[in-house]
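A.B. asks: Pasting in a structure now, in C-alpha cells, and then I'll have a few things to ask.
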C-alpha cells in the first residue's frame, strides 16, 4: 500500500448505536478521481464524512499523506468538501465566500485577493465577486462552492453528490468542468454519487458500496464489463439476471433451456446482449419503445419479463405479437451468488 | 349578491371590527388632551398639559426607568440563555430535548400572577433577595420562551452543513457559530429582542406582587395612580405608551420584516 | 459533528435550569400549599374554597366570561377573517397589520380606553344623557359587560389571526365550487368553511379562552371588586386576607386550565405536521 495517499484501515463508523460502515479498508492514490457509488444508505456519504473528520470512527484509523489523522479535528485536516446543498454562506458575497478560509489563516490581504480572484477565475466566475449566493443560478452556486474549497489547496477534495441538484444539461457541463479542474489542479478527488452513468464517466476508479461494505472496486471499464455480483450487475445495467440450474436459467415463474451449462450460480445479460429476431425461444411483446439507435422491447417469457434491445433495422413488432429471442452464451456475464 | 355590494359589505364588516380594535386608542389620545381635571370624552377643550404632566410625576419617571431597565436587561439575559438553548435544540439530537423544550416554555403556560406570588413567597421572603432582582429574574424567565421560539424559527432554515463547511475551511466550532450562524440569525435575534422588550415592558401580572417601596413597574404604577387620581394624565400616558410601542413595531417591521418572526 | 451530547446539554441546560429554579420549583411549592392541612396532606383547602359562595360565583363567572368572549370572538372573527382573506394582497397586509398592532400595545392602555368610553362622564353616558334617555348617568363600569368588552377587545386579534391563517389554507376554488353545486352561503359556511377551518377555530378559541381566564388587568380595571374574576380574587385573597390556601387553589385551577389548553394546542400542531 505504498502508493496510498488516503488510507482507511479497519474503519468502523457508527450513527448512535447502529453500525453504518463496518471494518472498511480503502486506499486512494494521489491525484486520482475516485468515485464512491451506491444507493442511498449504502454508507458512501458516511465514509466521505469520516475522511473529512465530520464523523469520528468508532475504531480503525485514517491516514492522509502518510500522517495519522484519525484524531485530527476537521478544521485542521486540510480537506475540502463540496456539499450536496453547496452550503454557501448566504450573508457573504461570492468573493467573501471564497476568501472565507483564507481570511481565517490571516494571510496578507493582497494574497487573499489574488488567490480568491484566481479561484473564481478557475471555475469561470470572474466578475461575479459581488453577487450573493441567492443571486446566482444553481450552476454558478455549484462553481462557487467548488472554488471555495479549491482555494484552500486541499490535500483531498470531497464532493457529495455535487451534480444532483442541477438539471440534465448543466450536469453534463459540470462533469467536464470537474474533470478539467482536476486535471489542472491535480487534486485528489473523492466523488460520492448514486448515479452510475456519472461515476462511469468521471471516475478513475469506482468503489461500489452496499450496506456499508465495498461490493466491488475497479476501473469504470472493469465494473461495466465485469460486475461480480448481482448487485453490481444490476447497478451496471444488466437488467436480466437469472439463477442457473444445470443448463437452465430459472426464475420464480419458470425455466428456460440455455443449451450450455454455466459454472456460475447466476447469469446476467444486458438488454443489448439478448439477441432478438431469431433464436430458440419465443416471447410476447409487452411493451416497446423507440430509443434512437435501437428499439427496446419487454418480452413476456417463461422467465417473466425479459428486456431486450433490437437493432433499429429490424422491423418493429407490435405489442401482443411474438418475437423470437435467445440468451447467448457469448454475452452472458457469470456472477457469484 | 353582486360584486360591488359584496365589496361594500366586506369593508363595512372590516370597518366595524377595526373601529372596535383601534378606536379606543383614538379616544384615549383625545381624552388625554381634555382641558378638564377629570376624564371626559368628547374632550372639553384641548390642552397638552396632561401629556406634559406625565413627565413631571416623580413616580412615573422612576417606574418608567425601572420598566425600561427590566425590559432591556431582562431580554438581554433571556437571549443570553435562549440563543444557546435554541441552537442546541436545533442542532443536537439531545436526550430529553422535549423536556427541555417544555421546561423552557413553562413561563408561557403558567399565569404570571402565580409566578410573581410564588417568587415573592419562596424566593424574596426566605432568601432576602431584593424585589428588584426578583423582578429582573422573573422578567428574564418570562421572555425566555419567546427568545427560544423566535430564534429557533430563524435558525430552523439554517442548514447544519453550512457550519460544517465553515469548520472544513478552518473555523473552530465557536468561530463557525459567530461567523456563520450568528450573521444569518441576526434578524431573528433582533426580532426576539423587540418582542421580548415589548412583552416585558407591558407585563403586569408577574410584577403585581413583586413591588415594594419605590420599586414599581410602570404599568403597576399606572394602576395604582388611577385608583387615587381621576385626571386625564393616565389617558395621556397610555397614549404615549401606545405610540412608543407602535414606533418600535413600525421601525422593526421596516428594518427586518418583523411580522414574519412573530 | 453535532452528536456530542455533552456539548449540546451544556448549551441547553442553563436555560432549562433557570426556568426550573425560577418557575417550576416556586410554583410547585405554591401549588402544594392547598394540600397541606394541619401538618398532613388533605383536600380540605379545596373543599373549603368551593364551600364559599363568593368563590363559586367567581369561578363560574370566570368560566362564563371566558366562554362568552371566545364565542363572540369566533363569530366576529369568522366575519372579519373572511373579509380579510378576500382582500387584495396590499390591502390585506395593511388590515392584517392593524389587527395585529394592538397586541403590541400595553394592556393597561388598551383597557383604560374603556374607562373613557364607559365611565360616568364617558362617551356612552354623554350620549345617553345628551339624548335625554336618562337623567342620571348609567353605571356601566364595574359590570360584567364592561369586563366582557375589555376582554373581547384584548383578545379578538388572536382569534382573527388564527382564522385568517386557517382560511388562507382553504384551496382557492373550493368555495366557488360549492356555490356552483348549489350550496347557499349558509351551507357553504357550515359544510365547507367551518370543517376546513376547525383547527384555526380551536387554536383561536383556546388562546382567547385561556387569555380571558388568566387576564388580570381587565377585570381589575373594569370589574374592580364588584366583578371579581379568578385572578383578581387571587390578588384580593393574598393582599387583603393573607389567605394563601385559596391563592394556591386558584393557582391550581388556572394552571390546570392553561396547561390543558396548551396540550390541546400541541396535539393539534402535531396532528397537522
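Residue numbers (the working numbering), protein chains in the order written: chain A, 20 to 356; chain B, 18 to 279; chain C, 8 to 280.
Positions of the beta carbon are idealized from the N, C-alpha and C atoms, including for glycine.
Just so you know, these numbers come straight off a predicted model, no measurement behind them.
On a Cα-Cα basis, can you pick out the residue from A:33, A:89 and A:137 that is closest to residue 203 of chain A?
C.D. replies: Comparing Cα positions, the closest option is A:137.
A.B. asks: Give a yes or no on whether 7 Å exceeds the smallest Cβ distance from residue 139 of chain B to chain C.
C.D. replies: Closer than 7 Å to some Cβ of chain C, the Cβ of residue 139 of chain B qualifies, so yes.
A.B. asks: Any idea if residue 23 of chain C is buried or exposed, counting beta-carbon neighbours within 10 angstroms, 16 or more meaning buried?
C.D. replies: Residue 23 of chain C should be labelled buried.
A.B. asks: Between residue 176 of chain C and chain B, is there a C-beta pair that is closer than 7 Å?
C.D. replies: No, its Cβ sits nowhere closer than 7 Å to a Cβ of chain B.
A.B. asks: At which residue ranges does the region 58-104 of chain A contain complete beta strand (DSSP E) runs of 3 or more residues, listed in the order of the chain?
C.D. replies: Segments of the beta strand (DSSP E) lying fully in the region 58-104 of chain A: 78-83 and 98-101.
A.B. asks: Under the three-state reduction of DSSP, which class applies to residue 232 of chain A: helix, strand or coil?
C.D. replies: Strand, per DSSP.
A.B. asks: What did DSSP end up calling residue 44 of chain A once you bin it into helix, strand or coil?
C.D. replies: In the structure shown, residue 44 of chain A sits in a strand (DSSP, three-state: E or B).
A.B. asks: What's the C-alpha gap between residue 278 of chain C and residue 110 of chain B?
C.D. replies: Approximately 22 Å, taken between the alpha carbons.
A.B. asks: Compare the C-alpha of residue 58 of chain B against each of C:119, C:53 and C:70 and name the closest.
C.D. replies: Closest option to residue 58 of chain B, Cα to Cα, is C:119.
A.B. asks: Counting only Cβ pairs nearer than 7 Å, list the residues of chain A close to residue 200 of chain B.
C.D. replies: Per Cβ cutoff of 7 Å: 110.
A.B. asks: Report the neighbours of residue 33 of chain A on chain B: residues whose CB is nearer than 8 Å to its CB, in chain order.
C.D. replies: What residue 33 of chain A touches in chain B: nothing, since even the nearest Cβ is about 13 Å away.
A.B. asks: With H, G and I counted as helix, E and B as strand and the rest as coil, what does DSSP make of residue 214 of chain A?
C.D. replies: Residue state, collapsed to three classes: coil.
A.B. asks: Please confirm if the region 61-71 of chain A is in contact with the region 90-104 of chain A, defined as three or more CB-CB distances below 8 Å between the two stretches.
C.D. replies: As far as the Cβ criterion goes, the region 61-71 of chain A touches the region 90-104 of chain A, which means the pair count is three or higher.
A.B. asks: Could you check whether residue 223 of chain C and residue 130 of chain B sit closer than 7 Å to each other, using their CB atoms as the reference points?
C.D. replies: Yes, the pair counts as a contact, with Cβ atoms nearer than the cut-off.
A.B. asks: Please state whether DSSP places residue 327 of chain A in a helix, a strand or coil.
C.D. replies: Looking at residue 327 of chain A - three-state DSSP - the assignment turns out to be strand.
A.B. asks: Can you tell me the Cα-Cα spacing of residue 179 of chain A and residue 220 of chain C, whole angstroms?
C.D. replies: Looking at the two C-alpha atoms, the distance is approximately 55 Å.
A.B. asks: Using three-state DSSP, classify residue 28 of chain A as helix, strand or coil.
C.D. replies: In this structure, residue 28 of chain A counts as strand in the three-state DSSP scheme.
A.B. asks: Would residue 218 of chain C pass as a contact of residue 170 of chain C if the rule is Cβ separation under 7 Å?
C.D. replies: No. Outside cutoff.
A.B. asks: If we count the other Cβ atoms within 10 Å of its Cβ and call it buried at 16 or more, is residue 81 of chain B buried or exposed?
C.D. replies: Buried, because 16 or more other Cβ atoms sit within 10 Å of the Cβ of residue 81 of chain B.
A.B. asks: For residue 267 of chain A, which three-state DSSP category applies?
C.D. replies: Here residue 267 of chain A sits in strand by DSSP.
A.B. asks: Please state if the CB of residue 156 of chain B and the CB of residue 87 of chain B are separated by a distance shorter than 7 Å.
C.D. replies: In contact: residue 87 of chain B and residue 156 of chain B (Cβ atoms closer than 7 Å).
A.B. asks: Within 10 angstroms of the Cβ of residue 142 of chain C, are there 16 or more other Cβ atoms? Answer buried if so, exposed if not.
C.D. replies: Counting Cβ neighbours within 10 Å, residue 142 of chain C comes out exposed, since fewer than 16 surround it.
A.B. asks: To which residues does DSSP link residue 353 of chain A through a beta bridge?
C.D. replies: Paired residues: A:286.
A.B. asks: Near residue 153 of chain C, what residues of its chain come up, given a Cβ to Cβ distance below 8 Å and the 5 sequence neighbours on each side ignored?
C.D. replies: Cβ neighbours of residue 153 of chain C beyond the five flanking positions: 121, 125, 147, 229, 230 and 234.
A.B. asks: Quick test of your reading: residue 357 of chain A and residue 247 of chain A, contact by CB under 8 Å. State the CB separation rounded to the nearest angstrom.
C.D. replies: Residue 357 of chain A lies beyond the residue range present for chain A, which begins at 20 and ends at 356; the question has no answer from this structure.
A.B. asks: Kindly list, in the order they appear in chain C, the residues whose Cβ is closer than 8 Å to that of residue 126 of chain B.
C.D. replies: In chain order: 262, 265, 266 and 269.
A.B. asks: With DSSP as the reference, please indicate the residues paired to residue 344 of chain A in a beta bridge.
C.D. replies: Answer by DSSP bridge pairing, in chain order: A:295.
A.B. asks: Hey, how far is the Cα of residue 222 of chain A from the Cα of residue 238 of chain A?
C.D. replies: If you take the alpha carbons of residue 222 of chain A and residue 238 of chain A, they lie about 8 Å apart.
A.B. asks: Under the assumption that residue 342 of chain A contacts residue 316 of chain A (Cβ atoms under 8 Å), give the Cβ distance between them as a whole number of angstroms.
C.D. replies: Right, their Cβ atoms sit about 7 Å apart.
A.B. asks: Is any beta-carbon of chain B found at less than 7 Å from that of residue 234 of chain C?
C.D. replies: By this cut-off, residue 234 of chain C is not an interface position.
A.B. asks: As a quick exercise: from C:194, C:165, C:97 and C:176, pick the residue whose alpha carbon is nearest that of residue 77 of chain C.
C.D. replies: Among C:194, C:165, C:97 and C:176, the Cα nearest to that of residue 77 of chain C belongs to C:165.
A.B. asks: Look up residue 259 of chain A in the DSSP assignment and give the residues it is bridged to.
C.D. replies: BP columns for residue 259 of chain A point to A:288.
A.B. asks: Can you tell which of A:112, A:87 and A:243 has its C-alpha closest to the C-alpha of residue 155 of chain A?
C.D. replies: Here the closest residue by C-alpha is A:112.
A.B. asks: Within its chain, find whatever has a CB closer than 7 Å to the CB of residue 114 of chain B; leave out the 5 residues flanking it on each side and keep chain order.
C.D. replies: For residue 114 of chain B, where only same-chain residues beyond five positions count, the Cβ hits under 7 Å are 106.
A.B. asks: Given a cut-off of 7 Å, decide if residue 293 of chain A and residue 344 of chain A are closer than it, judged by their beta-carbon atoms.
C.D. replies: Yes, Cβ-Cβ distance for residue 344 of chain A and residue 293 of chain A is below 7 Å.
A.B. asks: With the cut-off set at 7 Å, would you say residue 49 of chain A and residue 207 of chain A are in Cβ contact?
C.D. replies: Against a cut-off of 7 Å, the Cβ pair of residue 207 of chain A and residue 49 of chain A comes out as a contact.
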